[in-house]
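Novice: Got a structure for you, questions after.
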Amino acid sequence: MSKKFIRLIIVLILTVVILLSQAINTFALSYYNNTNSSREDKLKDTVIMLIGSPNAYV
1 MSKKFIRLII VLILTVVILL SQAINTFALS YYNNTNSSRE DKLKDTVIML IGSPNAYV
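Just so you know, we're using my numbering here: the sequence shown kicks off at 1 and counts up by one.
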């Protein structure tokens, strides 16, 4: 096994972990927002969660 191959595996694992955490955050946020907020607020909050920036829709 070369060092490049090992590095590639590490990068792939990190990418999968990051994508999974974003998917879980988005799901938890949409579940939380099913209470009594408007559709537009849900969309804004989902965009914030996906992009990670509170200024995403300003």
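Ideal Cβ placement from N, Cα and C applies to all residues, glycine included.
Given the structure is predicted, the values throughout are model-derived calculations rather than measurements.
Measure how close the beta-carbons of Leu50 and Thr15 come, nearest whole angstrom, since I'm counting them as under 8 angstroms.
Specialist: Position 50 of the sequence shown, counted from the start, is the residue given in the question as residue 50. Position 15 of the sequence shown, counted from the start, is the residue given in the question as residue 15. Rounded, the Cβ-Cβ distance is 15 angstroms, inconsistent with contact.
Novice: Check whether the Cβ atoms of Leu20 and Asp45 sit closer than 8 angstroms, and answer yes or no.
Specialist: Translated into positions along the sequence shown, residue 20 becomes position 20. Translated into positions along the sequence shown, residue 45 becomes position 45. Taking 8 angstroms as the Cβ cut-off, Leu20 and Asp45 do not qualify as a contacting pair.
Novice: What three-state label does DSSP hand Ser2 in the structure shown?
Specialist: By 1-based counting over the sequence shown, the position of residue 2 is 2. Note: Ser2 maps to coil in three-state DSSP.
Novice: Alpha carbon to alpha carbon, what distance is there between Ile9 and Ser2?
Specialist: Position 2 of the sequence shown, counted from the first residue, corresponds to residue 2. Position 9 of the sequence shown, counted from the first residue, corresponds to residue 9. Cα-Cα distance, rounded: 11 angstroms.
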